[in-house]
Amino acid sequence: MAVNQLSVFIENKHGRLSEAIKGISESDINIRALSIGDSQDFGIVRMIVSDIDKARELLGNDFIYKVTPVIAVKMDDRGGALYQILRAIEEQEINVKYTYAFTSNKEFGAYVVLRVDDVETTEKVLSDKGFRLATDEEISG
């Protein structure tokens, strides 16, 4: 049930981010979620896209990229919602490496994306606690 995230390594230079996004945008691939972590010399662009295989093909040999399984958890639009999700994970001593959020269409609402040490265990823990997890199909459709 994990969602596939595309992580693209990009030099921190003028126009390089635009180059990475250009082919994806021109090919009608929808970027559903995006997060950028940077340092002085490079950045990692994390994306959830509507067609990951096509996006990988477009990046080709011009960029270094990796597909990473992440968990997208439906989050209520109220104070404390994120804390409940994090607390459920923490109780099982699962480490969260990073997180970011996005909104989807009205049917699916807001999600928090979690990169964790153990995807399968985290999915089970969250499902058992009643949290709704997204699939690639839901996010892409």
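First residue of the sequence shown: 3, per my numbering; consecutive thereafter. In this text, a Cβ means the ideal position worked out from N, Cα and C, and glycines have one as well.
Rounded separation between residue i and residue j - CA only
i	j	result
Met49	Ile31	11 Å
Lys99	Lys126	18 Å
Gly17	Arg58	19 Å
Gly181	Val10	Outside the shown range of the chain, which is 3 to 143, sits residue 181, and nothing can be said about it.
Asn14	Ile66	14 Å
Val121	Ser29	30 Å
Tyr102	Glu140	18 Å
Ile91	Ala83	13 Å
Ser52	Arg34	7 Å
Asp64	Glu21	9 Å
Arg80	Ile87	13 Å
Thr123	Tyr85	19 Å
Asp78	Ser129	15 Å
One or two residues paired with residue i in a DSSP bridge
i	result
Phe44	Glu13
Ile38	Val47
Ile33	Val51
Leu19	DSSP lists no partner for Leu19.
CB of residue i within 8 Å of CB of residue j, strictly
i	j	result
Val72	Leu8	no
Val115	Phe133	no
Thr137	Val47	no
Leu1	Ile23	No answer is possible for residue 1: it lies beyond the span of the chain, which begins at 3 and ends at 143.
Same chain, Cβ closer than 6 Å to residue i, five either side skipped, listed in chain order
i	result
Gln94	Val127
Ser37	Arg48, Tyr102
Lys131	Ala90
Close beta carbons around residue i, own chain, < 8 Å, minus the five adjacent residues each side
i	result
Asn97	Val118, Asp119
Phe44	Phe11, Ile12, Glu13, Asn14
Lys76	Phe110, Gly111, Ala112, Tyr113, Phe133, Arg134, Leu135, Ala136
Ile54	Asn6, Leu8, Val69, Asp138
Residue-level contact to chain D via CB, residue i, 8 Å cutoff
i	result
Thr105	This model lacks chain D altogether, as it is built from one protein chain only.
Close beta carbons around residue i, own chain, < 7 Å, minus the five adjacent residues each side
i	result
Lys56	Ser29, Ile31
Met3	Glu125, Leu135, Thr137
Return the chain-ordered ranges of every alpha helix (DSSP H) run that is complete within the region 57–137 and spans a minimum of 4 residues. 83–92, 121–130
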